[in-house]
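Going by the UniProt record's numbering, the first residue of the sequence shown is number 1, and it counts up by one from there.
Since the structure comes first, as structure tokens, the remarks are kept for the end.
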Amino acid sequence: MNTSLALRIEKALGLEEGTLMILQVYHEIREEKRKLSRKIKPDLSKLRPALFWDTSFENIDWVKHKLYVIDRVMQRGNEEEKKLINDFYELQEVSELNSIQ
């Protein structure tokens with residue numbers, strides 16, 4: 001966004017200077033996280049797409065829909081699928097903790 005335009009909009013709306021810039025940064029961070037989360041997937045060759053008959057298997061966000069995935073696989077998956085999901089989400093938790101530190 002053009003800086004002078006942002007300043008004029010902030011002034012017109014009675015917003016504190018820099019508010020739109022802060023919102024833009026938050027938006028960009030959210031978009032980056034969304035892009036990264038789509039790249040993080042378990043080994044899909046070991047999961048039957050039929051487990052997720054009610055959704056598009058290719059469009060599952062394995063990070064965002066973590067609880068849904070775990071619940072579905074634990075209810076309907078075979079032992080290999082359950083182990084895969086358990087291992088995947090344990091590793092993901094570890095990497096999330098490492099990125100915080």
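Here a beta-carbon is modelled for each residue, glycine too, at the ideal position from N, C-alpha and C.
Uninterrupted alpha helix (DSSP H) stretches inside the UniProt domain "DUF6922" (47-96) (no shorter than 4 residues)
If one requires a minimum length of 4 residues, the alpha helix (DSSP H) runs lying completely within the UniProt domain "DUF6922" (47-96) are 66-76, in chain order.
Could you round the C-beta distance between Leu51 and Gly77 to whole angstroms and report it? I think they count as a contact, below 8 Å.
The C-beta distance from Leu51 to Gly77 rounds to 6 Å, short enough to meet the 8 Å contact threshold.
Measuring CA to CA, which of Glu80, Asp87 and Lys46 is closest to Lys66?
Comparing C-alpha distances from Lys66 to each of Glu80, Asp87 and Lys46 shows the shortest one belongs to Asp87.
Just to confirm before moving on: does the CB-CB distance between Leu84 and Pro42 stay below 8 Å?
Going by C-beta atoms, Leu84 is nearer than 8 Å to Pro42.
By the three-class DSSP mapping on this structure, what secondary structure does Lys35 have?
Of the three classes helix, strand and coil, the one that applies to Lys35 here is helix, per DSSP.
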